[in-house]
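Novice: When the letters of the sequence shown are read in order and numbered with full-length UniProt numbering, they come out as residues 1 to 700. One structure is given below, represented as structure tokens, and several questions about it will come after.
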Amino acid sequence: SLVVLFGATAGAYGAKLGSDERELILLVWQVVDLHSKKVGTLHKSLVKADNLDLSDQCREVSGLTPEGLGKAEPLDRVLQQFSQLVSSDLKVLGRSSYTLCSDGQLLIRQVLHPETSKKNFLLSDCFYSFYDLRKEFHTCYPSSAAVKDQTIKTMAEYLGLGTDEAEEDFGVWQVKTMVAIIFSMLSEGCNHVFTEPETVKHKYETGPCSKSETVDSETVIRARGLPWQSSDQDIARFFKGLNIAKGGVALCLNSQGRRNGEALVRFVNSEQRDLALERHKHHMGSRYIEVYKATGEEFLKIAGGTSNEVAQFLSKENQVIIRMRGLPFTATQEDVLGFLGSECPVTGGKEGLLFVKYPDGRPTGDAFVLFSCEEYAQNALKKHKEILGKRYIELFRSTAAEVQQVVLNRYMSTPLIPTLPTPIIPVIPPPYTIAAGSIRDCVRLRGLPYTAGIDDILEFMGDATGDIKPHGVHMVLNQQGRPSGDAFIQMKSADKAFMVAQKCHKKMMKDRYVEVFQCSGEEMNFVLMGGTLNRSGLSPPPCKLPCLSPPAYAAFQTAAVIPAEAAALYQPQALLPTTRTPQASAAAPPTVTYYPAQAAQLYMNYTAYYPSPPVSPTTVGYIAAPPGAVAAAATATHTPILPQPGALVRMQGLPYNTGMKEILSFFQGYQYAPDDYNGLIQLSDQARSVLQAPKEWVCL
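And the structure:
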């Protein structure tokens, strides 16, 4: 037997059903006996949604009203009635089993499964198997339109059935027409047999992935904006109703081995992937998740692995993986098992533990643990931030892909110094520039949500958007190329900027309040160089020394001279060439300004907020020097050079909470006095007076 099922939501209809995350408001169904070609009673049930605000399309197509839906039963009660009425109709027809049959996949996969998952109640087993009438129709009539172009109306017209929808209520006509189509397919001329139903996976299956596998790019998506604590099961729940491939969730990590809020998800086929893309900006809790296409190569880069140790650890399938972080470096397997205790036994004992180590064998403080069931894993997670030895231990849900990514990619990398990031200098992409000047016709937005885009900023500013200069919205990125939470906006006049700052200061954008300060183009550039701007005024960058280029590590790219049109935006800076030899230094003019070849956006110079030694490898930003120092450096008769080779030391193994004072205290007795600056830079007496710095700033 088949149960022909039709439904509608409070939002989009047809091909976009379920794409707007609106709730179900209507279910219509009828039992069909395929052998006797008899039908049961046709049932129509309204569903009371939590949000009764109906879209215009829904009102027009369905004719339903919020008042009528307000008297209906909620979805869980309607589904209970559905099961009871179907069982009753089957008994009348002398049948006991049935399979659902719907018009396409959207009602089952994109509406019922996601909504019930969010409302935390389970669907009965009948909703995990169904026939797609469109696919069955195309199989029976190959000359008909493609599956994606089929509708109930086009199928009925192909068969010459009546299509006057006005004669019946919304939903009733659709079910009756679907039943008539099924009977036509069962006629002697076709004798269609329903044999291969669509299936929905009950649960996500974990498993390892090899780099040698072939992954179809048409099956992979990238999810962005995930809560940092979300697990593979949380992501599978977000895509409930769609079939994810085994081991198909790969959480992305940053360079420190921590989750960055992104994941790559691999589905069983391209059809499932296309349905997943329709969930763009659907919500996981209070956060909306962005969904984009990705490639198989990207998935393998994150999820693939070839380590025998990892493969053996992950060979036990359907296990719950927990990641432990912050373990003492001396912790043993017995220590970890004792920490977890008897209430959360580890699968296989010591074999269920995997310690993460550096290439030289030193422990990283991370470990992965296997548990055979959800109960044991939950018991383990209750020990989050409990003490082992003298350290508190963090516990998180993890995935097979994260195990491979952490063990193989993160900790098999090269040492720190060769992988230092390219020094970033703020460069404004042509042809749009921020004009320098003292007129306060700009505003700075601080504290923006990291997901905010230009459209969000324009909506935030409301009516004031008409007073923004063309191309006057500038998003500020950090040194990793991601939003920093800051933006600068050029207004048409200082009065307009003042009004925006007064009206929008601490106004909410999404779930965060945003601070708005009036500023000038000159102040804007000053902030980008490391100064601070608030309602109390402008504070200069804490380090007033001219920035010396770092030593010529192999990790740094060859510097390129800034173009004339971009260099005009900034005053000349006393930047030194990257070479360490006096001969090479002499070849470069001392007034040339350098910038990384790939700079193409506004970058916030986060390395300039705390004074740093002039030749420290962390001083890779662009620090504005005082005008007097610039002039003095520009007129200096000697080419400045870095200290002699061997004057630079690298410190490894510092405690994470170490500050500048602790490092200076460690090197007590090896500091340069302020008068010794002439050993680094040949300056006039006037320039030296400007560059006098506290003694504790200098460490060589």
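Just so it is clear, CB atoms sit at the ideal spot from N, CA and C, and this is done for glycine as well. Keep in mind that this is a model prediction, so the values were computed, not measured.
Taking residue 399 and residue 212 to be in contact with their CB atoms under 8 Å, please state how far apart those CB atoms are, rounded to whole angstroms.
Specialist: About 20 Å separates the two Cβ atoms, so there is no contact after all.
Novice: Along the chain, where does the beta strand (DSSP E) that runs through residue 220 open and close?
Specialist: 220 to 224
Novice: Buried or exposed: residue 584, going by 16 or more other Cβ atoms within 10 Å of its Cβ?
Specialist: Because the pLDDT of residue 584 is 40, which lies under 50, any placement of that residue in the model is unreliable, and the number read from its coordinates should be weighed accordingly. Result: exposed.
Novice: Taking buried to mean at least 16 other C-beta atoms within 10 Å of its own C-beta, is residue 14 buried or exposed?
Specialist: exposed
Novice: To the nearest whole angstrom, what separates the beta carbons of residue 496 and residue 464, a pair I think is in contact under 8 Å?
Specialist: Separation of the CB atoms of residue 496 and residue 464 is rounded to 7 Å, and the pair is thereby assigned contact status at 8 Å.
Novice: According to DSSP, what are the bridge partners of residue 189?
Specialist: Bridge partners of residue 189: none, in fact.
Novice: Which of the three DSSP states, helix, strand or coil, is assigned to residue 378?
Specialist: helix
Novice: What number of angstroms, rounded off, separates the C-alpha of residue 280 from the C-alpha of residue 239?
Specialist: 11 Å
Novice: List in chain order: all unbroken beta strand (DSSP E) runs of 3+ residues lying wholly within the region 300 to 359.
Specialist: 320 to 325 and 353 to 357
Novice: Look at the alpha carbon of residue 283 and the alpha carbon of residue 51, and state the distance between them as a whole number of angstroms.
Specialist: About 15 Å.
Novice: Give me, in chain order, the residues of the same chain whose beta-carbon lies closer than 7 Å to that of residue 356; leave out the 5 immediate sequence neighbours on both sides.
Specialist: 364, 366, 367, 406, 407 and 411
Novice: What runs of the alpha helix (DSSP H), each 4 residues or longer, lie entirely inside the region 206 to 265?
Specialist: 232 to 238
Novice: Taking the alpha-carbon of residue 155 as reference, which of 170, 178 and 331 has the nearest alpha-carbon?
Specialist: 178
Novice: How big is the Cα-Cα spacing for residue 93 and residue 38?
Specialist: 8 Å
Novice: Check residue 544 in the structure and name its three-state DSSP category.
Specialist: With a pLDDT of only 39 at residue 544, under the threshold of 50, the placement of this residue in the model should not be trusted; the figure read from the coordinates follows. Coil.
Novice: Out of 352, 329 and 132, which has the shortest C-alpha to C-alpha gap to residue 388?
Specialist: For residue 388, the nearest C-alpha among the options comes from 329.
Novice: Quick one: Cα of residue 62 to Cα of residue 121, how far?
Specialist: Whole-angstrom Cα-Cα distance: 27 Å.
Novice: Please report the straight-line C-alpha distance between residue 354 and residue 152, rounded to a whole angstrom.
Specialist: Counting only the Cα atoms, residue 152 lies some 55 Å from residue 354.
Novice: Under a three-way DSSP split, which group does residue 422 fall into?
Specialist: Low per-residue confidence applies at residue 422: pLDDT is 41, beneath 50, and the placement is therefore not dependable, though the value from the model is reported in the following sentence. In the three-state scheme derived from DSSP, where H, G and I count as helix and E and B as strand, residue 422 is classed as coil.
Novice: Mapping the DSSP letters down to three states, classify residue 80 as helix, strand or coil.
Specialist: Helix at residue 80.
Novice: Write down the C-beta distance between residue 219 and residue 269 rounded to the nearest angstrom, noting that I regard them as a contact closer than 8 Å.
Specialist: 6 Å
Novice: If you run the structure through DSSP and keep just helix, strand and coil, what is residue 519?
Specialist: strand
Novice: Taking 8 Å as the cut-off, does the region 22 to 34 touch the region 173 to 187 (at least 3 CB pairs, one atom from each stretch)?
Specialist: Touching, per the Cβ criterion.
Novice: Evaluate contact between the region 454 to 468 and the region 498 to 516, counting only Cβ atoms and requiring at least three cross-stretch pairs below 8 Å.
Specialist: yes
Novice: Flag this pair as yes or no: are the beta carbons of residue 371 and residue 403 separated by less than 9 Å?
Specialist: no
Novice: Looking at the ligand SAH, does it come within less than 8 Å of residue 333, judged from the CB to the closest heavy atom?
Specialist: Because no ligand of any kind appears in the structure shown, any question about the ligand SAH cannot be addressed here.
Novice: Just to confirm, is the Cβ distance from residue 109 to residue 215 under 9 Å?
Specialist: Here residue 109 is not near residue 215, since their CB atoms are 9 Å or more apart.
Novice: May I ask you to list the residues that DSSP assigns as paired with residue 701?
Specialist: Residue 701 lies beyond the residue range present for the chain, which begins at 1 and ends at 700; the question has no answer from this structure.
Novice: How many Å lie between residue 56 and residue 112 at the Cα?
Specialist: 22 Å
Novice: By alpha-carbon positions, which one of 393, 260, 184 and 237 ends up nearest to residue 225?
Specialist: 260
Novice: When you compare the CB positions of residue 263 and residue 251, do they come within less than 9 Å of one another, or not?
Specialist: yes
Novice: Tell me, to the nearest whole angstrom, how far the beta carbon of residue 6 is from that of residue 103; I am working on the premise that it is less than 8 Å.
Specialist: 6 Å
Novice: Just the C-alpha distance for residue 287 and residue 241, rounded to the nearest angstrom, thanks.
Specialist: Each residue's alpha carbon lies about 20 Å from the other.
Novice: Does the Cβ-Cβ distance between residue 221 and residue 276 come in under 9 Å?
Specialist: yes
Novice: Leaving out five residues before and five after residue 601 in sequence, what residues of the same chain have Cβ atoms less than 6 Å from its Cβ?
Specialist: At residue 601 the pLDDT is 41, less than 50, meaning the model places this residue with poor confidence; the figure from the coordinates comes in the next sentence. Around residue 601: 477.
Novice: Are there 16 or more other CB atoms within 10 angstroms of the CB of residue 12, so buried, or fewer, so exposed?
Specialist: buried
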